[in-house]
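Engineer:
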Amino acid sequence: DAKTTQPNSMESNEEEPVHLPCNHSTISGTDYIHWYRQLPSQGPEYVIHGLTSNVNNRMASLAIAEDRKSSTLILHRATLRDAAVYYCILRDHTGNQFYFGTGTSLTVIP
Amino acid sequence: GAVVSQHPSWVICKSGTSVKIECRSLDFQATTMFWYRQFPKQSLMLMATSNEGSKATYEQGVEKDKFLINHASLTLSTLTVTSAHPEDSSFYICSARDQSGGSSPLHFGNGTRLTVT
């Protein structure tokens, strides 16, 4: 699996937008970009995924660079419940295996 | 949405005993399930991939005789930690997907915290 690089930690003020970056310079043409988040003592939760085009859902938006070597998860208005570790993961077209990187620990400041 | 149930949520056992953790997909059939282990303040580490009706594929460095995985049905996979030792204490998490391909999201259980005394 191609590797991803994320900042170890980020902070955001409550109710402000948050942009979580992810670099994946070795991404292949068939790799999907997935984002998950993990709250303390829980299993990861699916957030969003995309291939080439930007994606929106009720939880977040995913902005994918034109060359696909980086992407950004956007939380439009951070809440205290968004405090979690966010993982950016690449999955190949088979979907087999699923490796987690180190993730970004997001702190939301009231 | 798709739900994965993991049981028990926590377990304490004595050194040398075996512990079984169950992972069930409640509203979908999971042809493939994944087992992870997570130590405090670390990321998830993939242990093995299990496919229904066949032997699990273990990641390098994971002892298959110690971590027995059974995926006998499309809705149930089990992980048995045999002869557990204190260093096996960890947070074990399972996940499942309801269809193949890179676009299908994984659904995760809420994890099992194992403490070996």
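First to last, the protein sequences are chains A and B. Counting from 1, one number per residue, gives the positions in the first sequence under the working numbering. Counting from 111, one number per residue, gives the positions in the second sequence under the working numbering. The beta carbon of each residue, even a glycine, is placed where N, CA and C say it ideally should be. Here the structure is a predicted model, which is why all the values come from computation and not from measurement.
Check the Cβ of residue 99 of chain A against every Cβ in chain B and list those closer than 7 Å, keeping chain order.
Structural biologist: Simply 156.
Engineer: Determine contact between the stretch 189 to 196 of chain B and the stretch 68 to 85 of chain A, defined as no fewer than three beta-carbon pairs at a distance below 8 Å.
Structural biologist: Cβ pair count under 8 Å is below three, so no.
Engineer: Give the range of the beta strand (DSSP E) segment to which residue 165 of chain B is assigned.
Structural biologist: From DSSP, residue 165 of chain B is part of no beta strand (DSSP E); its letter is neither H nor E.
Engineer: Strictly under 8 Å for the Cβ-Cβ distance: is residue 179 of chain B near chain A by that measure?
Structural biologist: Closer than 8 Å: no.
Engineer: Thinking C-beta only, is residue 35 of chain A closer than 8 Å to residue 86 of chain A?
Structural biologist: Yes, the pair counts as a contact, with Cβ atoms nearer than the cut-off.
Engineer: List the residues of chain A whose Cβ lies closer than 9 Å to the Cβ of residue 218 of chain B, in chain order.
Structural biologist: The answer, in chain order, is 36, 38, 42, 43, 44, 45, 46.
Engineer: Out of B:157, B:177, B:171, which has the shortest C-alpha to C-alpha gap to residue 128 of chain B?
Structural biologist: Out of B:157, B:177, B:171, B:177 has the C-alpha closest to the C-alpha of residue 128 of chain B.
Engineer: From which residue to which residue does the beta strand (DSSP E) around residue 182 of chain B run?
Structural biologist: It spans 177 to 183 - the beta strand (DSSP E) in which residue 182 of chain B sits, taken as one unbroken run.
Engineer: Select from B:204, B:114, B:155, B:149 the residue whose C-alpha is nearest the C-alpha of residue 170 of chain B.
Structural biologist: Answer by Cα proximity: B:155.
Engineer: Return the Cβ separation of residue 84 of chain A and residue 37 of chain A in integer angstroms, given the expectation that the two are a contact with Cβ distance under 8 Å.
Structural biologist: Yes, they are in contact, since the Cβ atoms of residue 84 of chain A and residue 37 of chain A sit about 4 Å apart, within 8 Å.
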